[in-house]
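Since the structure comes first, as C-alpha cells, the remarks are kept for the end.
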Amino acid sequence: MSENVEPYLTLTPLGGCGEIGLNCTVWSTPAGSVLVDCGLMFPDDYHLGVDVVIPRLEYILAQKERMLGIVLTHGHEDHIGALPWLLPYLQVPIYGSRFTLALVESKLREHNLLDRVELITVSPEAPCTIGDMTFNFFPVCHSIIEGYGLGVETSAGRVVHTGDFKIDPDPLDGHFTDLEAFKTFAQEDGVDLLLSDSTNIEREGFSVTEREIQTTFTRIFSQAKGRVVITLFSSHIQRIQQVFDIAARYGRKVAVSGRSLVHNVELARDLGYLRIIGGTYVEATDIGGLPDEKVVLLVTGSQGEPFSALSRIASGEHKLLDIHPGDTVIMSSRFIPGNTRAITRLINNLYRLGAEVYYDKVQAIHASGHAHREELRVMLQTVRPKYFVPVHGEYRHLVKHCRLAVECGVAKENALILEDGDPLTLRPGSIQLEEHVNVESVLVDGKGVGDVGQSVLRERHILGGEGMVVVVMVVDENTWEILVGPDIVSKGFVFEQHFNHVLEDAKCIILDLCENIPPGDVTHLQDKIRSTLRRFFRKVLERDPVVVPMVTLV
Numbered sequence: 006m007s008e009n010v011e012p013y014l015t016l017t018p019l020g021g022c023g024e025i026g027l028n029c030t031v032w033s034t035p036a037g038s039v040l041v042d043c044g045l046m047f048p049d050d051y052h053l054g055v056d057v058v059i060p061r062l063e064y065i066l067a068q069k070e071r072m073l074g075i076v077l078t079h080g081h082e083d084h085i086g087a088l089p090w091l092l093p094y095l096q097v098p099i100y101g102s103r104f105t106l107a108l109v110e111s112k113l114r115e116h117n118l119l120d121r122v123e124l125i126t127v128s129p130e131a132p133c134t135i136g137d138m139t140f141n142f143f144p145v146c147h148s149i150i151e152g153y154g155l156g157v158e159t160s161a162g163r164v165v166h167t168g169d170f171k172i173d174p175d176p177l178d179g180h181f182t183d184l185e186a187f188k189t190f191a192q193e194d195g196v197d198l199l200l201s202d203s204t205n206i207e208r209e210g211f212s213v214t215e216r217e218i219q220t221t222f223t224r225i226f227s228q229a230k231g232r233v234v235i236t237l238f239s240s241h242i243q244r245i246q247q248v249f250d251i252a253a254r255y256g257r258k259v260a261v262s263g264r265s266l267v268h269n270v271e272l273a274r275d276l277g278y279l280r281i282i283g284g285t286y287v288e289a290t291d292i293g294g295l296p297d298e299k300v301v302l303l304v305t306g307s308q309g310e311p312f313s314a315l316s317r318i319a320s321g322e323h324k325l326l327d328i329h330p331g332d333t334v335i336m337s338s339r340f341i342p343g344n345t346r347a348i349t350r351l352i353n354n355l356y357r358l359g360a361e362v363y364y365d366k367v368q369a370i371h372a373s374g375h376a377h378r379e380e381l382r383v384m385l386q387t388v389r390p391k392y393f394v395p396v397h398g399e400y401r402h403l404v405k406h407c408r409l410a411v412e413c414g415v416a417k418e419n420a421l422i423l424e425d426g427d428p429l430t431l432r433p434g435s436i437q438l439e440e441h442v443n444v445e446s447v448l449v450d451g452k453g454v455g456d457v458g459q460s461v462l463r464e465r466h467i468l469g470g471e472g473m474v475v476v477v478m479v480v481d482e483n484t485w486e487i488l489v490g491p492d493i494v495s496k497g498f499v500f501e502q503h504f505n506h507v508l509e510d511a512k513c514i515i516l517d518l519c520e521n522i523p524p525g526d527v528t529h530l531q532d533k534i535r536s537t538l539r540r541f542f543r544k545v546l547e548r549d550p551v552v553v554p555m556v557t558l559v
C-alpha cells in the first residue's frame, strides 16, 4: 500500500442485511479485499421450484484480482453454503476453525473443488494477517461448535464482528462466548465499529441454556415407555452429544437416519468432537430385535421436509423404521418461518400413529443459538463501539437493534442501518455511506444459476394458480389451410370433460382468427391466438391461464 493512500475500510454486504441467511460481506482496504462468510438462503414459498438462493457473486468476481481470502465465522449453510458457486471462478485461501473447514472440505469434495483452494485452520491463540487486516478469533457459543467472532485491526480502525452468538453462562463442554476476549480487544485501543447478530432482538431477556434443554431431555427420557425419536438440526453437535449421553445413562441404543445427520455424526466422531460410549451407537438395521424401551432414533426432518427421515417414517415410506404406538417424538428445533404448515402436518400424522410429540411451542426442548435482547445488550456494553451496524436480521430487527445500541451509549447518528448493497466506509475518525450497488440475490434451480428471475417466478405462479392451455395446429404455409387441429390441451386449467363446450368455442375462435390473418404470418397468428383466448377465458370463466400456441407450417 502506498504511503500517501488514505487508509480506509469499506464493507459491502452482499447478503445478511435485511434477511436472515445469505450472509456474505466484502471487506476492502487499499491492500485488497477479504470475503467474510459466503452463505446461501433457502427459498420461501414464493420461490416455486427454486432450490437455494445465493448472493450475487459478480460483485466479487469483478474484483477477483484484489481478493485475498475468505474468512468463515462458522459452518452453517447460511455462512458457507454458496462456496461451491464461487470457487470455480475464484482461487483464494479459506480461513476457519477446524470443524468449519471439515464441513467445507466435505462440501468441496462433493463438488470436485477441493483441489482448487487452500484451507487454513485458525484459532483464538494466533491472530491471522491477510493483506493489511489482522483477524483475531473469539470463541462464541452458537448452535454449532467452533464458531468465531472477529476482532479486526485495520489502518482505518478496529472492528468487531460478533458472528452468530449467544451468551450461555454455564455452557456444556466449554462451548462459551469468550466475553473476556471481546473485552480485552475493546480495551486495548477501543473499537470503532461493531457488527452484531440481530436475529433475536425481539426476544426479551436471556435465551434458554443448553443445560435447561438437557434437564428437559432427561425428564422425557425417564418417563418414556417406548422408543424415543429425536429430530434436530444435523450440525448441532452439542445437542447430538446430549442425546448420546442421556441415551447411555438410560441404557438405550441410538440409531441414526438421514444423510446429513449420519455424515455429521461420523465427521464429529472422527475429529474427536463427539464422544460416544461403546455400544451406544448402532446401525438402523440392528434395532429390530431390541425392545422399544431400549431404542433411540436420531433422525432428520425437524422442518417437515418431505423426503427427510422423519417424514418418510411418519408416512410409512422408510425402508427400516416406523412409528410404534407409545413412541415419544422430540422435535428439538424452532419452526422456521415458511415451514410451519409442513411441520404441523407432520406432527398431526405422528399423533395419528399413536406417538406423543414434544415440540418447542409446548416444551423447552430447543434453545436458540442467537442472543436475546439482554445478551445483545451485554455485548454492546462489553465492546462499547463508537459506531454500530446491526447484521443478520430482517429490517425490523436491524431497526430495533439500533435502538438498543443507542440505549447502550452509541450516538444516534452513529447507529447505522445497512441493507444488502449499501457499502459503508470507515476512515480514521469518520464513517460514511457509499453509493448503492446492485447485489440482487441469485436463484438456483437445478443446474440453472440466475436464469430464473422475477418474470419466470410470475409465470410459475400463474401456472400454479390458473393453469395452462396449449393450442396445437399444423397449417399449410402457402394455402393457409389447417391440416391438423386446432387441438386444445388443458393442464391445470379446467377438467376437459366438464368444460368441453368452452374448449370447442375456443376452437371456433381460432378458426375465425385464421381467416383474418394473412397467409404465412405465423408470429401474428400465434400472438392473436394468445391474446384472444385469454380475453375469452377471462370473460367466460374469470380465469387467466397461460396460453401457448404451437403452430407448425408445412
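Under our numbering, think of the first position of the sequence shown as 6, with each following residue one higher. Just so it is clear, CB atoms sit at the ideal spot from N, CA and C, and this is done for glycine as well.
Would you list the one or two residues that DSSP bridges to residue i?
i    : result
W32  : L16, V39
S495 : V474
Q386 : Bridge partners of Q386: none, in fact.
A420 : F393
H377 : N205
T333 : V233, E361
R163 : E158
Y153 : P144
I135 : M138
R4   : Absent from the model: residue 4. The displayed extent of the chain is 6 to 559, so no value can be given.
K258 : V300
V58  : M46, L448
R432 : S435
T126 : G101
C22  : G398
V480 : I487, L558
K171 : C146
Label residue i either buried or exposed according to how many other C-beta atoms from any shown protein chain fall within 10 Å of its C-beta, with 16 as the threshold for buried.
i    : result
E11  : exposed
N505 : exposed
F4   : Only positions 6 to 559 of the chain appear in this structure, which leaves residue 4 out of reach.
E24  : buried
S33  : buried
H563 : Outside the shown range of the chain, which is 6 to 559, sits residue 563, and nothing can be said about it.
C29  : buried
P296 : exposed
A511 : buried
V545 : exposed
L516 : exposed
D120 : exposed
A161 : buried
H397 : buried
L66  : exposed
Q243 : buried
H241 : buried
C513 : exposed
G293 : exposed
Taking 8 Å as the limit between beta carbons, can you name the residues of its chain near residue i, skipping five residues before and five after?
i    : result
D492 : V476, V477, M478
G168 : T78, H79, V145, H147, G152, Y153, G154, L155, D202
Q247 : L177, E215, I218, Q219, F222
F249 : V259, L279, R280, I281, I282, T285, Y286
S239 : G263, S265, L266, H268, N269, T305
V559 : V479, V480, D481, E482, L488
G458 : Note that G458 scores 49 on pLDDT, short of 50, meaning its location in the model is unreliable and no value can be drawn from it.
Quick one: residues in its chain with C-beta nearer than 7 Å to the C-beta of residue i, no 5 flanking neighbours on either side, listed in chain order?
i    : result
L124 : I99, L106, V109, E110
L73  : G37, S38, V39, V97, I135, G136
R539 : D549, V552
A580 : The requested residue 580 does not occur in the structure, where the chain is confined to residues 6 to 559.
A186 : P129, F143
L445 : According to the sequence displayed, residue 445 carries Glu and not Leu. The residues are R61.
D327 : I318, G321
Among residues of its own chain, excluding the 5 on either side of residue i, which ones have a beta-carbon nearer than 6 Å to its beta-carbon?
i    : result
R127 : Note that residue 127 is Val in the sequence shown here, rather than Arg. So the qualifying residues of the chain are Y100, C133, F142.
M46  : G26, L27, V58
Please specify which runs of the beta strand (DSSP E), each continuous and at least 3 residues long, are wholly inside the stretch 188-252, giving them in chain order.
198-202, 233-237
Please list the segments of the alpha helix (DSSP H) lying wholly inside the stretch 63-115, counting only runs of 4 or more residues, in order along the chain.
Qualifying alpha helix (DSSP H) stretches, in chain order: 63-66, 82-85, 88-91, 103-115.
So, do the stretch 398-408 and the stretch 171-178 have three or more beta carbon pairs nearer to each other than 8 Å?
Touching, no, given that fewer than three Cβ pairs across the two stretches are closer than 8 Å.
Within 8 Å, do at least three Cβ pairs link the stretch 182-202 to the stretch 381-397?
yes
Quick test of the definition: if touching needs 3 or more C-beta pairs under 8 Å, does the stretch 424-433 touch the stretch 231-249?
no
Three CB pairs or more closer than 8 Å across the stretch 358-367 and the stretch 327-346:
The stretch 358-367, when compared against the stretch 327-346, does touch it at the 8 Å Cβ threshold.
Is it true that the stretch 377-389 meets the stretch 273-287, where meeting means three or more beta-carbon pairs spaced less than 8 Å apart?
No, the stretch 377-389 does not touch the stretch 273-287.
Indicate whether the contact test is met: 3 or more Cβ pairs, each with one atom in the stretch 205-214 and one in the stretch 300-315, closer than 8 Å.
no
Enumerated in chain order, which unbroken segments of the alpha helix (DSSP H) with a length of 4 residues or greater are wholly contained in the stretch 492-557?
505-521, 527-546
Any contact between the stretch 430-449 and the stretch 410-418? By contact I mean 3 or more CB pairs, one from each, below 8 Å.
no
What are the complete alpha helix (DSSP H) segments, minimum 4 residues, inside the stretch 278-329?
314-319
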